[in-house]
């Protein structure tokens with residue numbers, strides 16, 4: 008029996024103040040993930056690939072936007088997609104049918120992608136093939152407005168979709184996700200005339216309430232497609248990314 | 008619910024710290040958590056009771072020190088606390104603000120037990136807050 012507390016655990020030991028010792032650590036809890044994300048980013052910079060992490064709630068039209076994007080861009084540049092879903096190859100199949108390369112990560116029960124999962128995927132899904140590189144890689148994250156925001160994947164840009172069939176106050180409800188966005192795309196904009204509850208200006212006000220200057224654009228990827236603003240934004244990002252790449256290369 | 012992943016990352020760091028300092032076990036673990044980190048304190052505490060079962064941390068406890076959300080206005084320079092979804096300057100209502108605190112997700116301190124040979128503070132940079 009322990010003489011200090013009287014419990015019946017044999018050899019129970021109470022630390023004396025002398026052998027107790029507190030260390031200050033002050034490291035980020037996400038350090039391991041962030042470290043892996045840094046490696047991924049280095050890899051993307053080596054292959055000259057612009058990487059965009061696409062996040063939103065389930066059903067807001069991420070895959071459909073990527074299908075239309077593939078149709079618009081695939082003749083001009085090389086585009087690929089890594090898909091994250093709990094189960095099925097469905098989304099990757101849909102994108103392959105558009106003539107682009109796509110890789111599916113089935114996360115099982117995990118609600119988000121992390122940097123290690125992307126690293127592993129890149130082993131099976133190289134960005135350079137037959138001397139040809141990938142210009143732009145989309146990572147379609149698991150549909151979820153909470154968890155994916157906490158995990159850096161090594162992407163260059165975060166894009167968050169907000170569809171018109173959701174509430175326009177979503178930014179106020181999910182501040183962490185919307186603060187992480189570098190661009191917010193209001194998707195399913197062709198449905199705006201039917202969606203009395205959704206107002207683009209209100210959505211933008213809700214976003215500004217988070218203390219961010221994040222740009223907002225609208226896109227429709229359904230039967231009445233209008234993704235001109237999105238494609239223009241993508242091309243600007245790609246040009247800017249290449250310019251910075253060249254600058255970095257000339258410094259090195 | 009990604010708090011279990013976060014908690015496992017936390018315990019990996021804690022065990023590494025304990026091992027590096029020659030400790031037999033871990034007592035109190037203190038983390039700094041901001042509401043804009045995306046981690047819920049209650050869920051992290053729940054996940055901790057499951058995840059701590061393992062070498063060195065089975066008897067450990069978790070102390071969560073939450074940090075307030077504070078912003079500084081880029082237009083007028085005012086500083087104020089703010090709710091997580093209304094990060095506007097209290098003086099001029101501007102949304103052009105910088106976050107000063109509120110998104111922390113840090114392992115702050117680890118209480119080590121049964122340390123056979125306490126590290127020399129001058130060689131262990133992590134043990135001294137002045138070096139961080």
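Protein chains in written order, with the working numbering: chain A, 8 to 259; chain B, 8 to 139.
Yeah, the Cβ is synthetic: ideal placement off N, Cα and C, and Gly gets one too.
Taken through DSSP and simplified to helix, strand or coil, residue 105(A) comes out as coil. Here residue 24(B) really is in contact with residue 32(A); their C-beta atoms are around 6 Å apart, less than 8 Å. Against chain A, the beta carbon of residue 8(B) has neighbours under 9 Å at 118, 153, 154, listed in chain order. Here the C-alpha atom of residue 103(A) lies approximately 41 Å from the C-alpha atom of residue 106(B).
In this structure, the CA atom of residue 110(A) is about 35 Å from the CA atom of residue 215(A). Sequence-distant partners of residue 236(A) (beyond 5 residues in either direction) whose C-beta falls short of 8 Å from its own C-beta, in its chain, are 224, 225, 226. Residue 154(A) is classed as buried because its beta carbon has at least 16 other beta carbons within 10 Å across all chains shown. Each residue's CA atom was taken as its position, placing residue 243(A) and residue 249(A) some 10 Å apart.
For a cut-off of 8 Å, the C-beta gap from residue 46(B) to residue 117(B) is around 18 Å, too long to register as a contact. Taking C-alpha positions only, residue 121(B) is separated from residue 16(B) by approximately 23 Å. At a C-beta separation below 9 Å, residue 116(B) has these neighbours in chain A: 29, 30, 31, 32, 33. Per DSSP, the continuous beta strand (DSSP E) segment holding residue 145(A) begins and ends at 143 to 147.
Residue 184(A) and residue 49(A) have their C-alpha atoms roughly 24 Å apart. Given a length threshold of 3 residues, each whole run of the beta strand (DSSP E) inside the region 41 to 124 of chain A is given here in chain order: 57 to 62, 86 to 92, 108 to 113. For residue 105(B), the enclosing beta strand (DSSP E) stretches over residues 104 to 108. Chain order gives no chain B residues near residue 84(A), where near means a beta carbon separation below 7 Å; the closest approach is about 33 Å. For residue 258(A), the enclosing alpha helix (DSSP H) stretches over residues 235 to 258. Here residue 184(A) carries a helix assignment [DSSP, helix/strand/coil].
The region 33 to 81 of chain B contains, as complete beta strand (DSSP E) runs of 3+ residues, the segments 68 to 73, 77 to 80 (chain order). Listed in chain order, the non-local C-beta contacts of residue 113(A) below 6 Å within the same chain comprise 94, local neighbours out to five positions each way being set aside. Listed in chain order, the non-local C-beta contacts of residue 202(A) below 7 Å within the same chain comprise 171, 172, local neighbours out to five positions each way being set aside. Inter-residue distance for residue 126(A) and residue 97(B) is about 43 Å (C-alpha atoms, whole angstroms). Within chain B, 102 have C-beta atoms less than 7 Å from the C-beta of residue 215(A), given in sequence order.
An exposed status is given to residue 97(A), since fewer than 16 other beta-carbon atoms sit within 10 Å of its beta-carbon.
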